[in-house]
Each structure stands twice: as structure tokens, then as C-alpha cells.
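J.: With the first letter of the sequence shown counted as 1, position 71 gets the number 61 in our numbering; the numbers rise by one all the way through. By construction, the Cβ of each residue, glycine as well, lies at the ideal position given by its N, Cα and C atoms. As the structure is a prediction and not an experimental result, all values here were calculated from the model.
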Amino acid sequence: MSQSQQRFSDETGATCFSEASNMLCKGDYSRIRLDWEVTTDEFFHLVWDCGNVQTKVIRERDRFYVVAGQCDDE
-9 MSQSQQRFSD
1 ETGATCFSEA
11 SNMLCKGDYS
21 RIRLDWEVTT
31 DEFFHLVWDC
41 GNVQTKVIRE
51 RDRFYVVAGQ
61 CDDE
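Put into C-alpha cells, the structure is as follows:
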């Protein structure tokens, strides 16, 4: 099994929310790592609308990510 089917990397880093949101809107990544200190619970409730792409912030271990919130059948 090869990973050559992946168009781009599934993950990359961003240094601010607008950068992360813009990268998700382009559709190149499924999630963006937040490379700065996220310190308040407000960030969990941030949602962007970008055409038909909604994004949200999640926490995984000690890192935060912004992910596409599209409804996919899995």
C-alpha cells in the first residue's frame, strides 16, 4: 500500500487563526496545527464559514488543531 494517493500532507502548522482558516478554505489540508499558545476556552467555540466549509478548534493531547467541520459519511 502506497501513500502516493495523498494530494498534500494531511497536516501543517499555522501561526494564527486567520492563516489556519485560509489554509482550510483552500482545501489543501484536513487539519491545521496551531503553532502558538492557545490559552482560553473561547478558542473551542470559534467557528468560521468559508463557502461550504465550516471549521472548528479541537484539542488533541497537548496540541490544538483547527479542522474542517464538513459532514462526511465515514
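Could you give the residue range of the alpha helix (DSSP H) that holds residue 9?
T.: Here residue 9 corresponds to residue number 19 of the sequence shown, with the count starting at 1. That run of the alpha helix (DSSP H) goes 7 to 16.
J.: Using the C-alpha atoms, what's the distance from residue 1 back to residue 26?
T.: As a working note, residue 26 is residue 36 in the sequence shown. As a working note, residue 1 is residue 11 in the sequence shown. Taking the straight line from one Cα to the other gives about 16 Å.
J.: Please report the distance separating the alpha-carbon of residue 19 from that of residue 4.
T.: For the purposes of this step, residue 19 is taken as residue 29 along the sequence shown, with counting starting at 1. For the purposes of this step, residue 4 is taken as residue 14 along the sequence shown, with counting starting at 1. So the two alpha carbons sit approximately 11 Å from each other.
J.: So residue 57 and residue 24 are supposed to be a Cβ contact under 8 Å. How far apart are they, rounded?
T.: Looking up residue 57 in the sequence shown gives position 67. Looking up residue 24 in the sequence shown gives position 34. Not quite, the Cβ-Cβ distance comes to about 11 Å (not below 8 Å), so this is no contact.
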